[in-house]
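Engineer: Numbering (this note's numbering), first residue to last: 698 to 1048.
A single structure is presented below for examination.
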Amino acid sequence: METKILDNPIIELKDIDVYFKSAEGNSLKAVSHASLKVTKGEIFGIVGSSGAGKSTLARVINLLQPPTSGRVLIDGFDITDNRGNDLRALRLRIGMIFQHFNLISGSTVEENISFNLKAASYPKSEIHSRVVELLKLVGLSDKLKSYPSQLSGGQKQRVAIARALANNPELLICDEATSALDTKTTEGIITLLNDINKKLKVTIVFITHQMDVAKKLFNKIAVMDSGKIVEVNDTYSLFSNPSNPITKSLVSSVLDIEIPEELVISKDSHLIKLFYAGEGAYNPIISNLSKNFSVDLSILSGKIEYINKKPLGILLVSIFGEESERLKAIQYLKDNTTKVELIKKGEHYGK
Ligand SMILES: Nc1ncnc2c1ncn2[C@@H]1O[C@H](COP(=O)(O)OP(=O)(O)O)[C@@H](O)[C@H]1O
Ligand SMILES: [Mg+2]
């Protein structure tokens, strides 16, 4: 008898390559040696700039894009060679939503959602009540008979979410699902996906180039660049302590505090940026600094960012005093904060 190992990741991609042939016949490597594991129940993000290979990698999960090489495991089962009925059954377990919603424009909201239920041979007599239930879940109970053209972008995406969830999938893949929406509508979709993840225990894989969305929604993140996964970490660690240069630049677009253009760094000072996990946690560190070392501090700016609902404080300070005292103070900060960055007129000069 087959024994199922319970702690299998819901998705495991092993050394995936995807090659495309260009019009000139050249081979283009869209995904290169990509391996990752997604744990059941988490919201897993794949980020990176346009062309990094995110969509291609996501499409490999349900074999919409068969990999050139590598293996795809769902729940511990290798599905790479699944075809026909096996593949159809697999795809029913995986819902998908896209940037441009992909609704059928000549069909009502009800027909759009019913379409997926019919495709899965859902009992005919129960289709209507299931659609009503799904629309309630996404907050669109009054739109049953509306056509897509009568809906806002956010409402269209809610219909697409309802449709994707129609057959109770274990997994929802979202490809740039908020990239065509304004900030406020995006917030609404983020909240909805968070609720769905908690309520229905659906694992979510979300692809985006929007680091603002990553910061709020994801539990774990893989960063892609030129087809490769260059860094994987839990969201908080990735934002507070990125290691790959691509990750650093993606993260800085969200976390940076402006260094005043007119700032003159005097010879007897250091300009540093402090990162600290925890709200208001700076106060004792800053006061200890002036008590224990012969330095003066000037706080130039600061803010608290919420990464996956946990606070990360960022503070820009100048430290004045004898160089030896300044260096001791900086060492104290390195030992007592999450990260210290030394800055020289906007450019970094070491960690
Ligand atoms: N069907 C395809 N045929 C040829 N090249 C493709 C195809 N799909 C994607 N590509 C190329 O693969 C690379 C990765 O694309 P994609 O996965 O869409 O990146 P992303 O989603 O990160 O923007 C790009 O260079 C893109 O032009
Ligand atoms: Mg894409």
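Glycine is no exception: its CB is placed at the ideal position from the N, C-alpha and C atoms.
Quick caveat, the model's predicted, so the values are computed rather than measured.
(1) Quick check: the Cα distance between residue 917 and residue 1019, rounded to an integer number of angstroms?
(2) Please enumerate, following chain order, all residues with a beta carbon closer than 6 Å to at least one heavy atom belonging to ligand 1.
(3) Do the CB positions of residue 861 and residue 903 come within less than 8 Å of each other?
(4) May I have the straight-line CA-CA distance separating residue 705 from residue 758, to the nearest angstrom?
(5) Determine the closest residue to residue 803 out of 839, 896, 843, with distance taken between C-alpha atoms.
(6) Tell me, please, whether the stretch 764-772 touches the stretch 838-852 by the rule of three or more beta-carbon pairs shorter than 8 Å.
(7) Mind checking residue 973: buried by the 16 CB within 10 Å criterion, or exposed?
(8) What whole-angstrom Cβ distance do residue 1050 and residue 920 have, given they're in contact under 8 Å?
(9) Would you identify the three-state DSSP class for residue 816, choosing helix, strand or coil?
(10) Bridge partners of residue 709, per DSSP?
(11) Just checking my contact of residue 941 with residue 928 at CB under 8 Å: how many whole Å lie between their CB atoms?
(12) Roughly how many angstroms separate the alpha carbons of residue 752 and residue 999, rounded to a whole number?
(13) Within the chosen definition, does the stretch 791-801 reach the stretch 871-890 through at least 3 CB pairs nearer than 8 Å?
(14) Pull the bridge partners of residue 905 from the DSSP assignment, please.
(15) Got a sec? Which residues, its chain only, sit under 8 Å from residue 1008 by beta carbon, not counting five neighbours each side?
(16) Have a look at residue 936 and residue 912 and give me their C-alpha separation to the nearest angstrom.
(17) Quick one: what's residue 1017 bridged to in DSSP?
(18) Report the three-state DSSP secondary structure of residue 722 (helix, strand or coil).
(19) So who's on the other strand from residue 930, going by DSSP bridges?
(20) With DSSP collapsed to three states, give me the class of residue 910.
(21) Whole angstroms are fine: how far does the CA of residue 707 sit from the CA of residue 1010?
(22) Looking at residue 776: is its Cβ nearer than 8 Å to the Cβ of residue 789?
(23) Is it the case that the stretch 894-901 contacts the stretch 734-748, given that we only count it when at least three CB pairs across the two stretches are under 8 Å?
Structural biologist: Checking against the coordinates, here is how it stands:
(1) Residue 917 sits at position 220 when you count from the first residue of the sequence shown. Residue 1019 sits at position 322 when you count from the first residue of the sequence shown. When rounded, the distance between both Cα atoms is 43 Å.
(2) Applying a distance threshold of 6 Å between residue Cβ atoms and the heavy atoms of ligand 1 selects 717, 725, 727, 745, 747, 748, 749, 750, 751, 752, 753, given in chain order.
(3) Reading the sequence shown from its first residue, position 164 is the one you call residue 861. Reading the sequence shown from its first residue, position 206 is the one you call residue 903. Not closer than 8 Å, so no.
(4) Locating residue 705 in the sequence shown gives position 8, counting from the first residue. Locating residue 758 in the sequence shown gives position 61, counting from the first residue. Here the alpha carbons of residue 758 and residue 705 stand approximately 16 Å from one another.
(5) Position 106 of the sequence shown, counted from the start, is the residue given in the question as residue 803. By alpha-carbon distance to residue 803, the top candidate from 839, 896, 843 is 843.
(6) The stretch 764-772 is not in contact with the stretch 838-852.
(7) Working through the sequence shown from its first residue, we reach residue 973 at position 276. So residue 973 ends up on the buried side.
(8) No information on residue 1050 is available, as it lies outside the stretch 698 to 1048 that the chain covers here.
(9) The count along the sequence shown starts at 1 and reaches residue 816 at position 119. Three-state result, residue 816: helix.
(10) Here the question's residue 709 lines up with position 12 in the sequence shown. Bridge partners of residue 709: 734, 770.
(11) For the purposes of this step, residue 941 is taken as the residue at position 244 of the sequence shown. For the purposes of this step, residue 928 is taken as the residue at position 231 of the sequence shown. Yes, residue 941 and residue 928 are in contact; Cβ-Cβ is about 4 Å, under 8 Å.
(12) One-based indexing of the sequence shown puts residue 752 at position 55. One-based indexing of the sequence shown puts residue 999 at position 302. Rounded to the nearest angstrom, the two C-alpha atoms are 36 Å apart.
(13) Verdict: yes, contact present.
(14) The residue you call residue 905 lines up with position 208 of the sequence shown. Assignment of beta-bridge partners to residue 905 by DSSP yields 744.
(15) Locating residue 1008 in the sequence shown gives position 311, where the first residue counts as 1. Excluding sequence neighbours, residue 1008 sits near 974, 975, 976, 1001, 1002.
(16) Along the sequence shown, one-based indexing puts residue 936 at 239. Along the sequence shown, one-based indexing puts residue 912 at 215. Looking at the two C-alpha atoms, the distance is approximately 8 Å.
(17) Within the sequence shown, numbered from 1, the residue matching residue 1017 stands at position 320. For residue 1017, which the question treats as bridged, DSSP gives the partners 966, 993.
(18) For this step, residue 722 is matched to residue 25 along the sequence shown. It is coil, neither helix nor strand.
(19) Counting from one through the sequence shown, the residue named residue 930 turns up at place 233. Partner(s): 918.
(20) To locate residue 910, count along the sequence shown from 1; it is residue 213. Three-state DSSP puts residue 910 in a helix.
(21) In the sequence shown, the residue the question calls residue 1010 occupies position 313. In the sequence shown, the residue the question calls residue 707 occupies position 10. The straight-line gap from Cα to Cα measures roughly 34 Å.
(22) Here residue 776 refers to the residue found at position 79 of the sequence shown. Here residue 789 refers to the residue found at position 92 of the sequence shown. Taking 8 Å as the Cβ cut-off, residue 776 and residue 789 do not qualify as a contacting pair.
(23) Three or more beta-carbon pairs drawn from the stretch 734-748 and the stretch 894-901 are found closer than 8 Å, and the two stretches are therefore classed as touching.
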